[in-house]
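For the sequence shown, full-length UniProt numbering gives the first residue as 1, with consecutive numbering after it.
Heads up, the beta-carbon is just placed ideally off N, CA and C, and yes, glycines get one too.
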Amino acid sequence: MHAPVGLKLNQPLVDFLARFYFYHIYLWSGYLEALVITVLPYLYQLMFILCFFGISLVIGAICDFIRLLTIHLYCFYIYAA
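As structure tokens, then:
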């Protein structure tokens, strides 16, 4: 396997990290698929209802949803540290 993200390490460590990250991406795609199927239809209704409580609540909900969608990047950061 090639070095993930251009890391120049010994070959066994590179293979381990590459498999680990690919498996994490595989798990993440399953999580996103389940999240999109179950949550996305209700997200529009939720945003409409939240509009009655103010724009700051809508912006906060959007920020939380984006954080849920990008939590895998934070996991990669923790794994690499």
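Element boundaries [alpha helix (DSSP H), containing Cys51]: From DSSP, Cys51 is part of no alpha helix (DSSP H); its letter is neither H nor E.
Distance between Cys51 and Leu73 (C-alpha atoms, nearest Å): When only Cα atoms are considered, Leu73 and Cys51 end up about 29 Å apart.
Nearest-angstrom Cα separation, counted from Ile62 out to Phe16: 35 Å
8 Å Cβ cutoff met for Met47 and Val39: no
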